[in-house]
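A.B. asks: Just passing along the structure, written as structure tokens.
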Amino acid sequence: MTRRRRYRTMIEQLGSILVGFEVVAVFCAGMALFGLRALPPAVALGGTAGFIVLMLASIPLLRRPWGKWFLLALQIGLTLMGLVHGSMWFVGGVFLAAWIYCLRHGIRIDAERAPIIAEYERALAAGEIDETGAPIDGGTRADEAQPGTR
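Everything in the sequence shown is counted per the working numbering, starting at 248 for the first residue and increasing by one.
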């Protein structure tokens, strides 16, 4: 029997997409800070690399209850980089607003999906359906249908 994939919440999915875009933006911002000589080279490049590592580490942490707050803290930290260069207020603010939007709607969608997922898990455990959701007993599965009856 193959191991089923773990269900990923909407917050995990939206967060991983947002972090993917944000890593690119942080890299570009770090290169801009380095090129503008707003910070010493070691600080600009090291800080950028460290922040990117933290952002990438936040993706698997989103499955933990505190993971979304960890990512929120990173978003606030990115916004506070506006103290170093003014354009970072905008960059950080856009990603902070996007994360708050993802949190708000992800929580709502996960709450709406919870009863559906619970019923699927119950039916799967009872042996009423297979992993694709097709009925096992009594029903005719689509791949077993008689020719010409589709």
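In this text, a Cβ means the ideal position worked out from N, Cα and C, and glycines have one as well.
Note that the coordinates shown come from a computational prediction; the quantities given were computed from them, not determined experimentally.
#1: Round the Cβ separation of glycine 340 and methionine 328 to the nearest angstrom and send it over; I've been treating them as touching at under 8 Å.
#2: Using DSSP's beta-bridge definition, name the partner residues of isoleucine 323.
#3: My guess is that leucine 301 and leucine 321 are in contact by the Cβ rule of under 8 Å, so how many angstroms apart are they, rounded?
#4: Can you tell me whether alanine 289 is buried or exposed, with buried defined as 16 or more other CB within 10 angstroms of its CB?
#5: Classify tryptophan 313 as buried or exposed, calling it buried when 16 or more other Cβ atoms lie within 10 Å of its own Cβ.
#6: Look at the alpha carbon of proline 421 and the alpha carbon of glutamine 260, and state the distance between them as a whole number of angstroms.
#7: Can you tell me the Cα-Cα spacing of leucine 371 and tyrosine 254, whole angstroms?
#8: Check proline 307 in the structure and name its three-state DSSP category.
#9: Assign proline 288 to one of three DSSP states: helix, strand, or coil.
C.D. replies: Reading from the atomic positions:
#1: Going by Cβ atoms, the distance from glycine 340 to methionine 328 rounds to 11 Å, so no, they are not a contact pair.
#2: DSSP lists no partner for isoleucine 323.
#3: 6 Å
#4: exposed
#5: exposed
#6: Residue 421 is absent from the structure shown; the chain starts at 248 and stops at 397.
#7: 14 Å
#8: helix
#9: helix
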